[in-house]
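Read the structure below first, then the notes.
Protein chains: 2
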Amino acid sequence: MTDARQEPAAAKAATITTPSDREIHVERVFDAPRDRVFAVYTDPDLIPQWWGPRGMTVTVDKMDVRAGGDWRFVARNPDGSEEAFRGSYREVTPPERIVQTFEWEPMAGYVSLETATFENLGERTKVTTVSLFYTTEERDGMLGSGMESGLNETYERLDELLAELESG
Amino acid sequence: MTDARQEPAAAKAATITTPSDREIHVERVFDAPRDRVFAVYTDPDLIPQWWGPRGMTVTVDKMDVRAGGDWRFVARNPDGSEEAFRGSYREVTPPERIVQTFEWEPMAGYVSLETATFENLGERTKVTTVSLFYTTEERDGMLGSGMESGLNETYERLDELLAELESG
Numbered sequence: 008m009t010d011a012r013q014e015p016a017a018a019k020a021a022t023i024t025t026p027s028d029r030e031i032h033v034e035r036v037f038d039a040p041r042d043r044v045f046a047v048y049t050d051p052d053l054i055p056q057w058w059g060p061r062g063m064t065v066t067v068d069k070m071d072v073r074a075g076g077d078w079r080f081v082a083r084n085p086d087g088s089e090e091a092f093r094g095s096y097r098e099v100t101p102p103e104r105i106v107q108t109f110e111w112e113p114m115a116g117y118v119s120l121e122t123a124t125f126e127n128l129g130e131r132t133k134v135t136t137v138s139l140f141y142t143t144e145e146r147d148g149m150l151g152s153g154m155e156s157g158l159n160e161t162y163e164r165l166d167e168l169l170a171e172l173e174s175g
Numbered sequence: 008m009t010d011a012r013q014e015p016a017a018a019k020a021a022t023i024t025t026p027s028d029r030e031i032h033v034e035r036v037f038d039a040p041r042d043r044v045f046a047v048y049t050d051p052d053l054i055p056q057w058w059g060p061r062g063m064t065v066t067v068d069k070m071d072v073r074a075g076g077d078w079r080f081v082a083r084n085p086d087g088s089e090e091a092f093r094g095s096y097r098e099v100t101p102p103e104r105i106v107q108t109f110e111w112e113p114m115a116g117y118v119s120l121e122t123a124t125f126e127n128l129g130e131r132t133k134v135t136t137v138s139l140f141y142t143t144e145e146r147d148g149m150l151g152s153g154m155e156s157g158l159n160e161t162y163e164r165l166d167e168l169l170a171e172l173e174s175g
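The listed protein sequences correspond, in order, to chains A and B. For the first sequence, the numbering used here puts the final residue at 175, and the numbers step up evenly by one. For the second sequence, the numbering used here puts the final residue at 175, and the numbers step up evenly by one.
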């Protein structure tokens, strides 16, 4: 595990693929056991420490982690502007699966369905997130939005938080 | 137009079809010009008079009819229980098209995308509503929910309201 944490950041980039015309698959391995990774994903107190790219300050407005519950995160950008992200949980099955909708309020009505699967690799965890869109056009819009760099920054922040929690 | 209003209710049933594996198409003709039908669809003050089956009392919590705006209707059932419906507008193009998401809060996270098209037939208007789901299973769940009788009741109430507005 220690070796893995010493890999350069590039070696840990998320793998993003488009196996069908309405989906985006993202795979990323984290150096922490599955229970801990799942706990971090579902803890409202920890969201501000890792969710979103660096420079964005996130506060949790709602995070009712159960089937049918709503979530809403407010992000403040470095220029002081705010934008919010929201959705609802369809399924929460610790420590294996979270299915939720995802909507960026400035583009309200463009909703995707995200299924995050947490795979136990012993001391490591593979998180696979599949985003499903109504249409290929919406999927391609997300791919063209710069999601990849934002995602990799988010995952690096999550690496750092997981390392802190382990050493703490 | 007077003749049409005298047709028995059965003759005006909505036509419900499933032309693809993720969609429900609904067609219904109303005895009123397109501008009026579109105006009624987008008027928060009129929603309680026609939206939903008879016996349900609907109040409009939000209805911000513009791209990116949210809507939320609270329905009180005859037994006093309440449930809400909500979504966001993607497109509002008077008097032709409304694209919006649709979610029933007790099943939050199950979101469909509805495109309503208003076709000018002179003194009548054909409204075609296409509901698009993420998966066939979700589409079939909606078909099995008794939507058809609820929809026909809603459309009959809309007939009545349109007739009232014309005579008033």
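Beta carbons are placed, not taken as given, at the ideal position from N, Cα and C, and that holds for glycine. Please read these numbers as outputs of a predicted model, since none were measured by experiment.
Report task. Count the other CB atoms, across all protein chains shown, that sit within 10 Å of the CB of A/S174; report buried if there are 16 or more and exposed otherwise. Result -> Within the first sequence, numbered from 1, the residue matching residue 174 of chain A stands at position 167. By the neighbour-count definition (other C-beta atoms within 10 Å, threshold 16), A/S174 is an exposed residue.
Query raised in the report: Is any beta-carbon of chain B found at less than 8 Å from that of A/M114?
Result: In the first sequence, residue 114 of chain A corresponds to position 107, counting from 1. So, interface residue.
Query raised in the report: Straight-line CA distance for A/I23 to A/F109?
Result: One-based indexing of the first sequence puts residue 23 of chain A at position 16. One-based indexing of the first sequence puts residue 109 of chain A at position 102. Each residue's alpha carbon lies about 18 Å from the other.
Query raised in the report: Any idea if B/R93 is buried or exposed, counting beta-carbon neighbours within 10 angstroms, 16 or more meaning buried?
Result: Sequence index remark: in the second sequence, residue 93 of chain B carries index 86 (1-based). With 16 or more Cβ atoms within 10 Å of its Cβ, B/R93 is classed as buried.
**Report entry** Within 8 Å, strictly: CB atoms of A/L150 and A/R43
**Finding:** In the first sequence, counting from the first residue as 1, residue 150 of chain A sits at position 143. In the first sequence, counting from the first residue as 1, residue 43 of chain A sits at position 36. No, Cβ-Cβ distance for A/L150 and A/R43 is not below 8 Å.
Query raised in the report: Below 8 Å between beta carbons: does that hold for A/E90 and A/E112?
Result: Counting from one through the first sequence, the residue named residue 90 of chain A turns up at place 83. Counting from one through the first sequence, the residue named residue 112 of chain A turns up at place 105. The answer is yes: Cβ separation under 8 Å.
**Report entry** Length at least 4, wholly inside the stretch 85-161 of chain B: the alpha helix (DSSP H) runs in chain order
**Finding:** 143-150
Requested in this report: Scan the stretch 14-74 of chain B and note each continuous alpha helix (DSSP H) run of 4 residues or more that stays entirely inside, going in chain order.
Outcome: 41-48 and 54-57
Requested in this report: Please confirm if B/I147 has its CB atom under 8 Å from at least one CB of chain A.
Outcome: As a working note, residue 147 of chain B is residue 140 in the second sequence. Note that residue 147 of chain B corresponds to Asp in the displayed sequence, not to Ile. Residue contact with chain A for B/D147: absent (no Cβ-Cβ distance below 8 Å to any residue of chain A).
Query - Per-residue burial, A/T132 [other beta carbons within 10 Å of its own, 16 or more giving buried] - result: Sequence index remark: in the first sequence, residue 132 of chain A carries index 125 (1-based). The residue in question, A/T132, is buried, as its Cβ has 16 or more Cβ neighbours within 10 Å.
Query raised in the report: Counting only beta-carbon atoms, is A/Q107 nearer than 8 Å to chain B?
Result: Translated into the one-based positions of the first sequence, residue 107 of chain A becomes position 100. Interface residue, yes.
Query raised in the report: Going by Cα to Cα distance, which pick from B/V72, B/I105, B/N127 and B/Q56 is closest to B/E168?
Result: By one-based count along the second sequence, residue 168 of chain B stands at place 161. Just to set this straight, residue 168 of chain B is Leu in the shown sequence, not Glu. With distances taken between Cα atoms, B/L168 lies closest to B/Q56.
Query raised in the report: Are the C-beta atoms of B/L165 and some chain A residue less than 8 Å apart?
Result: Numbered from its first residue, the second sequence carries residue 165 of chain B at position 158. Not one chain A Cβ lies under 8 Å of B/L165.
Query raised in the report: Expressed to the nearest angstrom, what Euclidean distance is found between the alpha-carbon atoms of B/Q13 and A/M70?
Result: Position 6 of the second sequence, counted from the start, is the residue given in the question as residue 13 of chain B. Position 63 of the first sequence, counted from the start, is the residue given in the question as residue 70 of chain A. In this prediction, B/Q13 has a pLDDT of 49, which is less than 50 and means its spatial position is unreliable; what the coordinates show is noted afterwards. About 52 Å.
Query raised in the report: In angstroms, rounded to a whole number, what distance separates the CA positions of B/M154 and B/G59?
Result: Taking the second sequence and counting its residues from 1, the one referred to as residue 154 of chain B is at position 147. Taking the second sequence and counting its residues from 1, the one referred to as residue 59 of chain B is at position 52. If I take the Cα positions, the gap works out to 10 Å.
Requested in this report: To the nearest angstrom, report how far apart A/F125 and A/D166 are at their CA atoms.
Outcome: One-based indexing of the first sequence puts residue 125 of chain A at position 118. One-based indexing of the first sequence puts residue 166 of chain A at position 159. Cα to Cα, A/F125 sits roughly 15 Å from A/D166.
Requested in this report: For my contact list, B/S95 and A/A115 are in at a C-beta cut-off of 8 Å; report their separation, rounded to the angstrom.
Outcome: Reading the second sequence from its first residue, position 88 is the one you call residue 95 of chain B. Reading the first sequence from its first residue, position 108 is the one you call residue 115 of chain A. Taking C-beta atoms under 8 Å as the contact rule, B/S95 and A/A115 qualify, at a distance of about 4 Å.
Report task. For A/A11, collect the residues of the same chain with a Cβ closer than 6 Å to its Cβ; drop the 5 residues on either side in sequence, then sort them by chain order. Result -> Walking along the first sequence from the start, residue 11 of chain A turns up at place 4. The predicted position of A/A11 is uncertain, since its pLDDT is 47 and thus under 50; a value taken from the coordinates is nonetheless stated next. Within the same chain, A/A11 has close Cβ partners D38.
Query raised in the report: When the Cα of A/E98 is compared with those of A/A123, A/E163, A/R41 and A/L128, which residue comes out closest?
Result: Locating residue 98 of chain A in the first sequence gives position 91, where the first residue counts as 1. Nearest C-alpha to A/E98: A/A123.
**Report entry** Reference A/T161, options A/S27, A/E30 and A/Y48, closest by Cα
**Finding:** In the first sequence, counting from the first residue as 1, residue 161 of chain A sits at position 154. With distances taken between Cα atoms, A/T161 lies closest to A/Y48.
Report task. Closer than 9 Å by beta-carbon distance: list the chain A residues that pair up with B/R79, in chain order. Result -> Here residue 79 of chain B refers to the residue found at position 72 of the second sequence. By Cβ distance, chain A contributes nothing, its closest Cβ being about 12 Å from B/R79, past 9 Å.
Requested in this report: Below 6 Å CB to CB, which residues in the same chain sit around A/P51 once its five sequence neighbours on both sides are set aside?
Outcome: To locate residue 51 of chain A, count along the first sequence from 1; it is residue 44. Contacts found: V67 and M70.
**Report entry** Proximity to B/T136 [Cα-Cα], best of B/D28, B/V36 and B/K19
**Finding:** Taking the second sequence and counting its residues from 1, one reaches residue 136 of chain B at position 129. Checked all of B/D28, B/V36 and B/K19; the closest Cα to B/T136 is B/V36.
Report task. Flag A/R73 as yes when its Cβ comes closer than 7 Å to any non-hydrogen atom of the ligand GTP, and as no otherwise. Result -> The model on display carries no ligand, and the ligand GTP is accordingly not part of it.
**Report entry** Span separating the alpha-carbon of B/D147 from that of B/D28
**Finding:** What you label residue 147 of chain B is simply residue 140 of the second sequence in a count that begins at 1. What you label residue 28 of chain B is simply residue 21 of the second sequence in a count that begins at 1. If you take the alpha carbons of B/D147 and B/D28, they lie about 9 Å apart.
Query - C-beta contact flag for A/R79 and A/R164 at 8 Å - result: For the purposes of this step, residue 79 of chain A is taken as the residue at position 72 of the first sequence. For the purposes of this step, residue 164 of chain A is taken as the residue at position 157 of the first sequence. In this structure, A/R164 does not lie closer than 8 Å to A/R79 by Cβ.
Report task. If I'm right that B/N127 touches B/R41 with Cβ under 8 Å, what's the distance once you round it to whole angstroms? Result -> On the second sequence, position 120 is the one that residue 127 of chain B refers to. On the second sequence, position 34 is the one that residue 41 of chain B refers to. Going by Cβ atoms, the distance from B/N127 to B/R41 rounds to 4 Å, so yes, they are a contact pair.
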